[in-house]
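S.K.:
Residue numbers (our numbering): 181 to 301.
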């Protein structure tokens, strides 16, 4: 079973979805798994290495950076269907997903298993 995170905010448009999350360490793992569900390549070291320290051009897969160090940072990942921006603020993280077609159902279904719906208001 996947770890869950609270959803703080959501905005949806036909070709854009925006989600707000609390800044919690488990976000790194949730993000990687969510991107893979959207069809991003598991072999992409930029995704598998996101939130991890790097050594000699490779991510160290059994360690993670402290998420508190990620302040006012923006990361972007692209594939043929999506452009995903992750924006780290002091206490929150925003995930912005743009697509060329309306992919709301696919995005919602992929994200659903990672949301702690019992504690999301």
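The C-beta atom is built at its ideal place from N, Cα and C for all residues, glycine as well.
Owing to the predicted nature of the structure, the values given are computational and were not obtained by experimental measurement.
Does the stretch 252-261 touch the stretch 216-230, meaning 3 or more C-beta pairs lie closer than 8 Å?
M.R.: Counting Cβ pairs under 8 Å, three or more are found: they touch.
S.K.: Short check: CB of residue 281 to CB of residue 247, under 7 Å?
M.R.: Counting from 1 along the chain shown, the entry for residue 281 is found at position 101. Counting from 1 along the chain shown, the entry for residue 247 is found at position 67. Not in contact: residue 281 and residue 247 (Cβ atoms no closer than 7 Å).
S.K.: Can you list, in chain order, the stretches of the alpha helix (DSSP H) that have 4 or more residues and sit fully within the stretch 261-296?
M.R.: Segments of the alpha helix (DSSP H) lying fully in the stretch 261-296: 284-292.
S.K.: Grab the span of the beta strand (DSSP E) containing residue 217 for me, first residue to last.
M.R.: Taking the first residue of the chain shown as 1, we reach residue 217 at position 37. It is not in any beta strand (DSSP E) - residue 217 instead sits in the alpha helix (DSSP H) that spans 207-217.
S.K.: Does DSSP put residue 253 in a helix, a strand or coil?
M.R.: Working through the chain shown from its first residue, we reach residue 253 at position 73. In the structure shown, residue 253 sits in a strand (DSSP, three-state: E or B).
S.K.: For residue 231 and residue 267, I'd like the C-alpha separation in whole angstroms.
M.R.: One-based indexing of the chain shown puts residue 231 at position 51. One-based indexing of the chain shown puts residue 267 at position 87. Rounded to whole angstroms, residue 231 to residue 267 spans 13 Å at the Cα level.
S.K.: How is the beta strand (DSSP E) around residue 197 delimited, first residue to last?
M.R.: Here residue 197 refers to the residue found at position 17 of the chain shown. It spans 196-202 - the beta strand (DSSP E) in which residue 197 sits, taken as one unbroken run.
S.K.: Are the stretch 194-202 and the stretch 273-287 in contact at 8 Å, needing three or more beta carbon pairs?
M.R.: Short answer: they touch.
S.K.: Does DSSP put residue 240 in a helix, a strand or coil?
M.R.: Position 60 of the chain shown holds residue 240. The answer is coil: DSSP assigns residue 240 none of H, G, I, E or B.
S.K.: Buried or exposed: residue 298, going by 16 or more other Cβ atoms within 10 Å of its Cβ?
M.R.: Counted from its first residue, the chain shown places residue 298 at position 118. Exposed is the call here.
S.K.: To the nearest angstrom, how far is the alpha carbon of residue 288 from that of residue 190?
M.R.: Here the question's residue 288 lines up with position 108 in the chain shown. Here the question's residue 190 lines up with position 10 in the chain shown. Spanning the two alpha carbons is a distance of roughly 11 Å.
S.K.: Just to confirm the assignment, what range does the beta strand (DSSP E) spanning residue 191 have?
M.R.: Counting from 1 along the chain shown, the entry for residue 191 is found at position 11. From DSSP, the beta strand (DSSP E) with residue 191 extends over 189-193.
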